[in-house]
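Engineer:
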Amino acid sequence: METPATAKFDVKSFPGKVTHMPGGGSFVVTSIDKMVNWSRSNSLWPLVFGTSCCAIEMMSAASAKYDWSRFGFEVARATPRQADVIICAGTIVYKMAPVLKRLYDQMADPKYVIAMGACTISGGPFFYNSYSVVKGIDHVVPVDVYIAGCPPRPEALLHALITLQKKIQEGGPREKINIGF
Amino acid sequence: MTNEELKAFISAHTPEVTFEETQFLNAIIPSEKIYPLAKYLRENPDADIDYLICLSGVDWKDHFMVVYHMTSRKHKHTFVLKAKIADRNNAEIHTVCDIWRTAEFHEREVYDLFGIKFINHPDLRRLFLDDTWGFPLRKDYTDDITIVSL
Numbered sequence: 570m571e572t573p574a575t576a577k578f579d580v581k582s583f584p585g586k587v588t589h590m591p592g593g594g595s596f597v598v599t600s601i602d603k604m605v606n607w608s609r610s611n612s613l614w615p616l617v618f619g620t621s622c623c624a625i626e627m628m629s630a631a632s633a634k635y636d637w638s639r640f641g642f643e644v645a646r647a648t649p650r651q652a653d654v655i656i657c658a659g660t661i662v663y664k665m666a667p668v669l670k671r672l673y674d675q676m677a678d679p680k681y682v683i684a685m686g687a688c689t690i691s692g693g694p695f696f697y698n699s700y701s702v703v704k705g706i707d708h709v710v711p712v713d714v715y716i717a718g719c720p721p722r723p724e725a726l727l728h729a730l731i732t733l734q735k736k737i738q739e740g741g742p743r744e745k746i747n748i749g750f
Numbered sequence: 061m062t063n064e065e066l067k068a069f070i071s072a073h074t075p076e077v078t079f080e081e082t083q084f085l086n087a088i089i090p091s092e093k094i095y096p097l098a099k100y101l102r103e104n105p106d107a108d109i110d111y112l113i114c115l116s117g118v119d120w121k122d123h124f125m126v127v128y129h130m131t132s133r134k135h136k137h138t139f140v141l142k143a144k145i146a147d148r149n150n151a152e153i154h155t156v157c158d159i160w161r162t163a164e165f166h167e168r169e170v171y172d173l174f175g176i177k178f179i180n181h182p183d184l185r186r187l188f189l190d191d192t193w194g195f196p197l198r199k200d201y202t203d204d205i206t207i208v209s210l
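Read top to bottom, the protein sequences are chains L and W. Under my numbering, the residues of the first sequence are numbered 570 to 750, in order. Under my numbering, the residues of the second sequence are numbered 61 to 210, in order.
1. Suppose you measure from the CA of residue 594 of chain L to the CA of residue 610 of chain L; what does that come to, to the nearest Å?
2. Please work out which residues of its chain come closer than 6 Å, Cβ to Cβ, to residue 172 of chain W, disregarding the five sequence neighbours upstream and downstream, and give them in chain order.
3. Please give me, in chain order, every unbroken run of the alpha helix (DSSP H) with length at least 4 that falls completely inside the region 90-168 of chain W.
4. Going by DSSP, which residues form a beta bridge with residue 657 of chain L?
5. Please report the straight-line C-alpha distance between residue 660 of chain L and residue 207 of chain W, rounded to a whole angstrom.
6. Which residues in the same chain as residue 109 of chain W place their Cβ atom closer than 6 Å to its Cβ, once the five residues preceding and following it in sequence are excluded?
7. Beta-carbon within less than 7 Å of residue 694 of chain L's beta-carbon, same chain only, minus the 5 sequence neighbours each way: which residues are those?
8. Against residue 673 of chain L, what residues of chain W qualify as contacts under a CB-to-CB distance less than 9 Å, listed in chain order?
9. Which chain L residues are close to residue 170 of chain W, counting only those with a beta carbon under 8 Å from its beta carbon?
10. Given 8 Å as the limit, is there contact between the region 673-691 of chain L and the region 633-643 of chain L, that is, 3 or more CB pairs closer than that?
11. Go to residue 728 of chain L, then tell me how far its alpha helix (DSSP H) extends in each direction, as first and last residue.
12. Should residue 698 of chain L be flagged as near chain W, meaning a C-beta pair shorter than 8 Å?
13. Below 8 Å on C-beta distance, what does residue 525 of chain L contact in chain W?
14. Taking its Cβ as the centre, do 16 or more other Cβ atoms sit within 10 Å of residue 598 of chain L, making it buried, or is it exposed?
15. Can you tell me where the beta strand (DSSP E) holding residue 714 of chain L begins and where it ends?
16. Hey, could you find the ends of the alpha helix (DSSP H) residue 70 of chain W is sitting in?
17. So the beta strand (DSSP E) residue 598 of chain L belongs to, where does it begin and stop?
18. Does the beta-carbon distance from residue 154 of chain W to residue 89 of chain W come in below 8 Å?
19. Just checking: is the beta-carbon of residue 203 of chain W within a distance shorter than 8 Å of some beta-carbon in chain L?
20. Taking buried to mean at least 16 other C-beta atoms within 10 Å of its own C-beta, is residue 96 of chain W buried or exposed?
21. Name the one or two DSSP bridge partners that residue 79 of chain W has.
Laid out in structure tokens, this is it:
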């Protein structure tokens, strides 16, 4: 019989087993790593960082129609010190690259980067052969998830965010995802 | 003024001028003549050019050109002044930013992208790019790292 305690959890994604005691109360069997990664993945605070047209699609993904708060992304922060993930939405030029690096450095670990759109992947379809555009933000910061498109639709951004959540829940190959004790 | 009247008006002040008519009347002058002509157009009540719409640079490979789109709010005549800078290696032209204040940033932008020096400009620094950059809108600009040359 389902108790109110278990009804709060999305049982499929919860990384542990909830055992109920006779007469009320319950305990959880899990590992700390899994538990922490699960918590992290469900509350990712994005940094407000839109450098061009992809930002419009990002705003659309945040608005009522697509509503990324369903997946735990609603707390968009204007400061890197409170953010967990940069959704890099738009072209990065050489003058902006040090700013992006600085914002990335100011974020607290664990931190994640989503490269949204063709410009952030490779320099973009229009600006590729240009003196000013960085040919992909992975020259500046490490990227966790790439989204193709120009610009990607909000559904694609949601898919990328869910992919990032899965990556975090699985631990991932990157050392920073482990909690370190 | 009509285009014909403008032609006569500019020719009377600067005899070296040549004209073309496209969308607007284009008056092409040598770069040395820009400052006296611009001042004349601004201060003469018959011309009364009080609004510099746009100031841009062009690289024609053998020479540079600085293009001034201008209009008069009172007389409603609009035309284009093109100053030809013959010396490409040492491109210089007198500033017009004491005549039209808006030219200050436009001239900084043209300097930034074409390397045309504006004489007497109060603050001729680069606008977008850093000091180590070349002048990327020049036709002979090369960049082996970021630009794929075909």
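Here a beta-carbon is modelled for each residue, glycine too, at the ideal position from N, C-alpha and C.
Structural biologist: Short version:
1. Cα-Cα distance, rounded: 27 Å.
2. Excluding five sequence positions before and after residue 172 of chain W, the CB atoms of its chain that fall closer than 6 Å to its own CB belong to 186, 187, 188 and 189, given in chain order.
3. 94-103, all fully within the region 90-168 of chain W.
4. Per DSSP, L:684.
5. Approximately 16 Å, taken between the alpha carbons.
6. Leaving aside the five residues that flank residue 109 of chain W on each side, the residues in its chain whose CB is nearer than 6 Å to its CB run, in chain order, 101, 102, 130 and 132.
7. Cβ neighbours of residue 694 of chain L within its own chain (closer than 7 Å, five residues either side excluded): 687 and 719.
8. When 9 Å is used as the limit between beta carbons, residue 673 of chain L is near no residue of chain W, the shortest such separation being about 21 Å.
9. The contacting residues do not exist; residue 170 of chain W stays about 16 Å from chain L at best.
10. Using a C-beta cut-off of 8 Å, the region 673-691 of chain L makes no contact with the region 633-643 of chain L, since fewer than three inter-stretch Cβ pairs fall below that distance.
11. From DSSP, the alpha helix (DSSP H) with residue 728 of chain L extends over 723-738.
12. With a threshold of 8 Å between beta carbons, residue 698 of chain L makes contact with chain W.
13. Only positions 570 to 750 of chain L appear in this structure, which leaves residue 525 of chain L out of reach.
14. That one is exposed.
15. That run of the beta strand (DSSP E) goes 714-716.
16. Residue 70 of chain W -> alpha helix (DSSP H) spans 63-73.
17. That run of the beta strand (DSSP E) goes 595-598.
18. Using a Cβ distance threshold of 8 Å, residue 154 of chain W and residue 89 of chain W do not count as a contacting pair.
19. Cβ-Cβ to chain L under 8 Å: yes for residue 203 of chain W.
20. The residue in question, residue 96 of chain W, is exposed, as its Cβ has fewer than 16 Cβ neighbours within 10 Å.
21. As a beta-bridge residue in DSSP terms, residue 79 of chain W pairs with W:87.
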